[in-house]
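Protein chains: 2
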Amino acid sequence: MTTPDRLVAWVAADIVALTLRDGVLQVALVKRKAPAARGQWALPGGFLLEEESAEQAAARELAEEVGLGIGAVRLEQLGTYSAPKRDLEHSRRVISVAYLALAANLPETVAGTDAGEASWVPVEQAATRRLAFDHQTILTDGVERARAKLEYSTLATSFLDSEFTISELRAVYEAVWGVRLDPANFHRKVSGTPGFIEPTGEMRRGRGRPAALFTAGSAQSLNPPLTR
Amino acid sequence: MTTPDRLVAWVAADIVALTLRDGVLQVALVKRKAPAARGQWALPGGFLLEEESAEQAAARELAEEVGLGIGAVRLEQLGTYSAPKRDLEHSRRVISVAYLALAANLPETVAGTDAGEASWVPVEQAATRRLAFDHQTILTDGVERARAKLEYSTLATSFLDSEFTISELRAVYEAVWGVRLDPANFHRKVSGTPGFIEPTGEMRRGRGRPAALFTAGSAQSLNPPLTR
DNA sequence: AGAATAGTGTCTCTGAGACAATATCAA
DNA sequence: TTGATATTGTCTCAGAGACACTATTCT
Chain A
0 MTTPDRLVAW
10 VAADIVALTL
20 RDGVLQVALV
30 KRKAPAARGQ
40 WALPGGFLLE
50 EESAEQAAAR
60 ELAEEVGLGI
70 GAVRLEQLGT
80 YSAPKRDLEH
90 SRRVISVAYL
100 ALAANLPETV
110 AGTDAGEASW
120 VPVEQAATRR
130 LAFDHQTILT
140 DGVERARAKL
150 EYSTLATSFL
160 DSEFTISELR
170 AVYEAVWGVR
180 LDPANFHRKV
190 SGTPGFIEPT
200 GEMRRGRGRP
210 AALFTAGSAQ
220 SLNPPLTR
Chain B
0 MTTPDRLVAW
10 VAADIVALTL
20 RDGVLQVALV
30 KRKAPAARGQ
40 WALPGGFLLE
50 EESAEQAAAR
60 ELAEEVGLGI
70 GAVRLEQLGT
80 YSAPKRDLEH
90 SRRVISVAYL
100 ALAANLPETV
110 AGTDAGEASW
120 VPVEQAATRR
130 LAFDHQTILT
140 DGVERARAKL
150 EYSTLATSFL
160 DSEFTISELR
170 AVYEAVWGVR
180 LDPANFHRKV
190 SGTPGFIEPT
200 GEMRRGRGRP
210 AALFTAGSAQ
220 SLNPPLTR
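Residue numbers (numbering that gives the first Met the number 0), protein chains in the order written: chain A, 0 to 227; chain B, 0 to 227.
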C-alpha cells in the first residue's frame with residue numbers, strides 16, 4: 000500500500016568536473032541535446048539507471064559526455080539538490096546528487112550520445128553564463144568545496160599527472176585559490192609533510208634550475224593544513 | 000518518452016540527531032512501526048512528500064518522530080546513500096538523503112505516528128546495535144562529521160542552551176571528541192576568538208567560583224580552528 | 001654574464017600546550 | 001578553612017610568513 004502523496008522521483012547524478020588548463024581553473028560543460036532545457040549549457044550528468052548507484056552513474060556520465068575514463072578521476076559527493084522547483088522541464092520531479100571530480104590533463108572533450116557538445120570553460124566565465132536548472136548553484140558549491148579541500152587534503156595532486164614538480168603543485172593552489180604563494184615557504188611546507196609527495200629521483204629541466212620530480216604520496220589529509 | 004531503464008525511486012530523508020545527556024553523546028533512534036524493517040531500530044526519517052524538499056522532510060520527520068520543533072535544531076546535509084541494495088524491504092528502490100542535527104536540551108522523545116518508540120541512545124551503545132538498512136553507516140558518518148565540524152565551526156554551541164558557561168562548552172568538545180581539554184587553554188582560546196561567544200554579563204553559581212555566562216556569537220567558522 | 005627558476009637559511013611573530021598561580025564561591 | 005571550579009600568567013615549542021641568499025640551468 001503506497002501512501003498517496005509520497006514523492007516518486009527520477010534521480011540524476013551531475014558532476015562538477017574541474018581541471019587546470021594554461022594555469023586557469025576550468026569546468027566541463029555540455030550543451031544539452033535532450034528535450035529538457037535543450038540548447039542550454041549545463042553540467043555533465045544524467046539519470047540513474049536501475050541497479051546503479053549515484054556514484055556509478057556519475058562515473059558513467061563523465062565517461063560518456065566528457066570522455067574521462069572511469070578511474071581517471073576522483074569522485075567526491077558534493078551534496079543533493081532537491082528543491083521542488085529546481086527542474087520544471089521534466090514530467091516528474093528530479094532530484095540531483097552532485098559530485099566533484101578533479102582531473103589532470105584533460106583528454107579533449109568528446110561529444111557523446113547524451114550531450115551535444117562538451118567543452119572546458121574557465122570557471123570565471125562559467126559563473127557569468129546562465130546554466131540550466133540550478134547548475135549555477137551546484138557549480139559554485141563545487142568550486143568552493145574544491146578550494147576548501149585543498150587546505151586539509153592531498154587532493155591537489157589529482158589535478159596533476161603522475162609525476163610533477165613542486166612548482167606545478169604550487170600552480171594548482173595558486174589557480175584554485177586565486178592567490179600567489181611564496182615559493183620558498185611552499186616548498187618547505189609540502190616537502191616537509193610526510194606522505195604528501197614522494198621524490199622519484201628524476202629531474203625536469205626547463206628555463207632555470209632543473210626541478211626534482213615527485214609523485215603523490217599515500218597521505219589523504221594534511222596535518223597541519225595549508226592556509227589560504 | 001521515458002527511457003525504459005531509468006530509475007524511478009522513493010526518496011527518504013533520514014536524520015542523525017545528536018545531543019548531550021549527562022555528558023554523554025547520544026543519538027535519537029526509533030523502533031520501526033512501518034511494515035519495512037518493522038521492529039528494528041533505525042534513524043528517524045521518512046519519505047519526501049510531493050512539493051517537499053529533502054530538508055523540509057527532515058525537519059518534519061524530526062518534529063513528528065522525536066518531538067524536536069522545527070527551528071529548534073540546525074540541519075546540515077550529510078550525504079546521500081544510493082546503493083541499489085541498501086534497502087530491499089520496499090517495493091521500489093529508496094535513496095536516502097541524510098542530515099545531521101545537533102540539539103540542545105532534548106525535550107523527552109515523543110512517540111509519533113510513524114515511529115513506534117523514539118529514544119536517545121548513547122552513540123557508543125548504538126554502534127553495537129544492528130540498525131535497519133544502512134543506518135549504521137549513516138550514523139558513523141554523522142558522528143564523524145560532527146567531530147570534524149567542531150574543529151573549524153561554531154557548531155558546538157548548538158548543543159547548548161542559549162546561555163552557557165565556558166565549562167559547558169568545553170564539556171561538549173570533550174564528550175564529542177572523547178578527550179580531555181585543558182580548562183585554562185580552552186578558556187583563552189574560545190574567549191579570544193571574535194564572534195564565537197559573547198558575554199551576557201550574568202554569572203552562574205555552582206560548586207566553585209561562579210562562571211560567566213555567554214551566548215553564541217555571530218561567527219560561523221573558527222579561524223584558526225580548534226585542534227582535536 | 002645575465003636571466004630564470006629551484007631550493008636553503010634565518011629571523012620574527014603567532015598560537016598551542018604545559019602548568020603554576022590567583023580568584024571566588026559553597027560547605 | 002578546605003575543596004571546588006573559574007580565570008589569568010608565564011614559559012616553551014612548532015609552524016607560518018617575509019625575505020635574503022645560494023644553486024643550477026639556458027641563452
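For glycine and all other residues, C-beta sits at the position ideal for the given N, C-alpha and C.
Proximity winner among the options, relative to residue i (alpha-carbon distances)
i        : options                                : result
B/Glu54  : B/Val65, B/Val142, B/Thr156, B/Leu74   : B/Leu74
A/Lys30  : A/Phe132, A/Glu116, A/Trp176           : A/Glu116
A/Arg227 : A/Gln219, A/Ala210, A/Phe185           : A/Phe185
B/Arg146 : B/Arg20, B/Thr79, B/Val122             : B/Val122
B/Val216 : B/Arg208, B/Thr199, B/Arg204, B/Val7   : Note that residue 216 of chain B is Gly in the sequence shown here, rather than Val. That would be B/Thr199, whose Cα lies nearest to the Cα of B/Gly216.
A/Gly22  : A/Gly177, A/Trp40, A/Ala33             : A/Gly177
A/Gln76  : A/Val142, A/Ala82, A/Glu63             : A/Val142
B/Leu6   : A/Phe163, A/Val93, A/Gly68             : A/Val93
B/Arg187 : B/Gly70, B/Leu225, B/Arg20             : B/Leu225
B/Gln124 : B/Gln25, B/Asp4, B/Leu19, B/Arg20      : B/Gln25
B/Phe163 : B/Leu212, B/Pro223, B/Ala56, B/Leu67   : B/Leu212
B/Thr139 : B/Ala210, B/Asp4, B/Ser52, B/Gly78     : B/Gly78
B/Arg204 : B/Val189, B/Ser190, B/Ile165, B/Val175 : B/Ile165
B/Ser52  : A/Ala82, A/Ile196, A/Leu67             : A/Ala82
A/Gly191 : A/Gly207, A/Ala210, A/Glu150, A/Pro223 : A/Pro223
B/Thr214 : B/Thr18, B/Ala183, B/Gly207, B/Ser161  : B/Ser161
Proximal chain B residues relative to residue i, where beta-carbon distance stays under 7 Å
i      : result
A/Asp4 : Leu48, Glu49
Chain-ordered neighbours of residue i on chain A, where CB pairs are closer than 9 Å
i        : result
B/Gln135 : Under the 9 Å cutoff, chain A gives no residues; its nearest Cβ is about 18 Å from B/Gln135.
B/Gly191 : Ordered by position in chain A, no residue passes the 9 Å Cβ test against B/Gly191, which lies about 18 Å from the chain.
Where residue i meets chain A, residues with beta-carbon distance less than 8 Å
i       : result
B/Val10 : Leu6, Ala8, Val10, Ser81, Ile94
B/Ala53 : Thr79, Ser81, Ile94
Cβ shell of residue i (< 8 Å), same chain only, five flanking positions each side left out
i        : result
B/Leu231 : Given that chain B is displayed from residue 0 to residue 227, the structure contains no residue 231 of chain B and the question cannot be resolved.
B/Arg37  : Arg31
A/Thr136 : Tyr80
A/Ala126 : Gln135, Leu138, Thr139
Contact set for residue i: own chain, Cβ-Cβ below 7 Å, skip 5 residues either direction
i        : result
A/Phe152 : Checking the sequence, you will find Ser at residue 152 of chain A rather than Phe. Excluding residues within five positions, the ones whose Cβ falls inside 7 Å are Gln219, Ser220, Leu221.
A/Leu159 : Ala103, Glu167, Leu168, Val171
A/Ala27  : Ala16, Pro43, Val65, Thr108, Ala117, Trp119
A/Arg85  : Phe132, Asp133
B/Arg245 : In the structure displayed, chain B extends from 0 to 227; residue 245 of chain B sits before or after that span and is not available.
A/Glu60  : Ala12, Ile14, Pro43, Gly44, Gly45
A/Arg128 : Trp40
A/Val189 : Ile165, Leu168, Phe195, Ile196
Other residues of its chain near residue i: CB distance less than 6 Å, five sequence neighbours each side excluded
i        : result
B/Arg91  : Trp9
B/Ala35  : Glu88, His89
B/Gln39  : Arg31, Ala131
B/Gly194 : Gly216, Ser217, Ala218
A/Leu154 : Lys148
A/Ile69  : Ala58, Ala62
B/Ser157 : Arg73, Leu101
A/Ala56  : Ala12, Leu47
B/Glu201 : Leu212
Contact set between residue i and chain B, taken where Cβ atoms lie within less than 8 Å
i        : result
A/Gln219 : Simply none; closest approach about 13 Å.
9 Å Cβ cut-off: residues of chain B touching residue i
i       : result
A/Gln76 : Gly78, Thr79
Residue i Cβ short of 8 Å to the ligand ZN heavy atom set
i       : result
A/Arg20 : In the structure on display, the ligand ZN does not appear, and there are no ligands present to speak of.
Stretch pair the stretch 47-63 of chain A + the stretch 127-138 of chain A: three plus CB contacts closer than 8 Å: no
Any contact of the stretch 5-15 of chain A with the stretch 95-103 of chain A, i.e. 3+ C-beta pairs under 8 Å? yes
Which complete alpha helix (DSSP H) runs does the stretch 83-171 of chain A hold, if anything under 4 residues is left out? 122-125, 134-151
Ordered list of alpha helix (DSSP H) runs contained in the stretch 18-70 of chain B, each at least 4 residues: 53-60
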